[in-house]
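Enquirer: Numbering (our numbering), first residue to last: 122 to 302.
Below you can see the structure in the form of C-alpha cells.
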C-alpha cells in the first residue's frame, strides 16, 4: 500500500472514531409488534452482502465507515443507503455521521463479505432515519474500480467507475446475499 493511501486510511479511521456510529433501525408503518421488530432487526443484523469479483482482474470497491457501499444503487430512483452530515434520529445529537470512505480490493474470483445493514435512509428535520429494506428482490447497480478509487466528493461519480446491473435478493431470515461485480 502506498504511503498516501496508508495516511488516507488512518485519517478515515480517525474520522470514524469521532463520528461513526451504527445506524439505528426504525420500524416501517404500520408498526409491527415488538417481537416482529426484534425479529426483523435481528435478520438484518445477520445479513452479509458478499461481493464477488467475477472478472479476471482485481477490482476495488469504495465503502463508507459503516461498510455501506458508496457506488451501489438500489431501485429507480436509487434509495439513499446512508445519511451524512447530521446525527441519527434515535442517536445522540453530538454524534454526526460524517462522510468518509475507504476502499477494499477484491481479487479475481474472490469474495469479500461486507457487513452492510440493508436500510433506506430519509431525512427528518435535522436527523436521519433508517428503515429496514423489506425482504425480496431489488434491481441494483453495482459499481467498482479497476484501481484504487480517487479521493472525491461523496456525491460525484469519478472516472474509472465501472457499473453493472444485477439483482439483490434479501431473504427474510437474514444470511449472505451474493452479488457479482
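Just so it is clear, CB atoms sit at the ideal spot from N, CA and C, and this is done for glycine as well.
Give me, in chain order, the residues of the same chain whose beta-carbon lies closer than 7 Å to that of residue 299; leave out the 5 immediate sequence neighbours on both sides.
Expert: Residue 299 sits at position 178 when you count from the first residue of the chain shown. Excluding positions up to five away in sequence, the list reads 171 and 173.
Enquirer: Please report the distance separating the alpha-carbon of residue 180 from that of residue 289.
Expert: Translated into the one-based positions of the chain shown, residue 180 becomes position 59. Translated into the one-based positions of the chain shown, residue 289 becomes position 168. Each residue's alpha carbon lies about 19 Å from the other.
Enquirer: Which same chain residues, not among the five before or five after residue 191, have their C-beta less than 7 Å away from its C-beta?
Expert: Reading the chain shown from its first residue, position 70 is the one you call residue 191. Closer than 7 Å at Cβ, skipping near neighbours: 183, 184, 185, 222 and 275.
Enquirer: Could you tell me the distance, in whole angstroms, from the CA atom of residue 178 to the CA atom of residue 257?
Expert: Residue mapping note: residue 178 aligns to position 57 of the chain shown, counting from 1. Residue mapping note: residue 257 aligns to position 136 of the chain shown, counting from 1. The straight-line gap from Cα to Cα measures roughly 31 Å.
Enquirer: Can you list, in chain order, the residues of its chain with a C-beta nearer than 6 Å to that of residue 279? Leave out the 5 residues immediately preceding and following it.
Expert: Position 158 of the chain shown, counted from the start, is the residue given in the question as residue 279. Counting only Cβ-Cβ distances below 6 Å, and skipping sequence neighbours, we find 271 and 273.
Enquirer: Quick one: what's got a C-beta closer than 6 Å to residue 200's C-beta in the same chain, skipping five residues either side?
Expert: Your numbering for residue 200 matches position 79 in the chain shown. Cβ neighbours of residue 200 beyond the five flanking positions: 241.
Enquirer: Between residue 249 and residue 204, how many whole angstroms is the CB-CB distance? I'm expecting something under 8 Å.
Expert: Here residue 249 refers to the residue found at position 128 of the chain shown. Here residue 204 refers to the residue found at position 83 of the chain shown. The pair is a contact, with the Cβ atoms about 3 Å apart (cut-off 8 Å).
Enquirer: Taking the runs of the beta strand (DSSP E) that are 3 residues or longer, which of them lie wholly in the segment 162 to 200?
Expert: Taking only runs of at least 3 residues, the beta strand (DSSP E) segments lying wholly in the segment 162 to 200 are 168 to 173, 180 to 185 and 193 to 195.
Enquirer: How far does the beta strand (DSSP E) with residue 234 in it extend, from its first residue to its last?
Expert: Taking the chain shown and counting its residues from 1, the one referred to as residue 234 is at position 113. First-last of the beta strand (DSSP E) with residue 234: 232 to 235.
Enquirer: Between residue 244 and the rest of its own chain, which residues show a CB-CB distance below 6 Å, the 5 nearest in sequence each way excluded?
Expert: On the chain shown, residue 244 is found 123 positions in, with the first residue counted as 1. Closer than 6 Å at the Cβ level, and outside the excluded window around residue 244, lies no residue.
Enquirer: Measure from the alpha carbon of residue 194 to the alpha carbon of each residue in 301, 294, 293 and 263, then state which is nearest.
Expert: Translated into positions along the chain shown, residue 194 becomes position 73. It is 263 whose Cα lies nearest to the Cα of residue 194.
Enquirer: Identify the continuous beta strand (DSSP E) that holds residue 297 and give its terminal residues.
Expert: Locating residue 297 in the chain shown gives position 176, where the first residue counts as 1. Taken as a continuous stretch (DSSP letters only), the beta strand (DSSP E) holding residue 297 covers 296 to 301.
Enquirer: On the CB-based measure, 16 or more other CB atoms within 10 Å of its CB, does residue 196 come out buried or exposed?
Expert: Taking the first residue of the chain shown as position 1, residue 196 is located at position 75. It is exposed - the Cβ of residue 196 has fewer than 16 other Cβ atoms within 10 Å.
Enquirer: From the DSSP output, in three-state form, read off residue 245 for me.
Expert: As a working mapping, residue 245 is identified with position 124 in the chain shown. Looking at residue 245 - three-state DSSP - the assignment turns out to be strand.
Enquirer: Quick one: using the 10 Å Cβ neighbour count with 16 as the cut-off for buried, is residue 230 buried or exposed?
Expert: Stepping through the chain shown from its first residue, residue 230 is reached at position 109. Label assigned to residue 230: exposed.
Enquirer: Would you mind reading off the limits of the beta strand (DSSP E) that contains residue 269?
Expert: Residue mapping note: residue 269 aligns to position 148 of the chain shown, counting from 1. Element bounds for residue 269: n/a, residue is neither H nor E.
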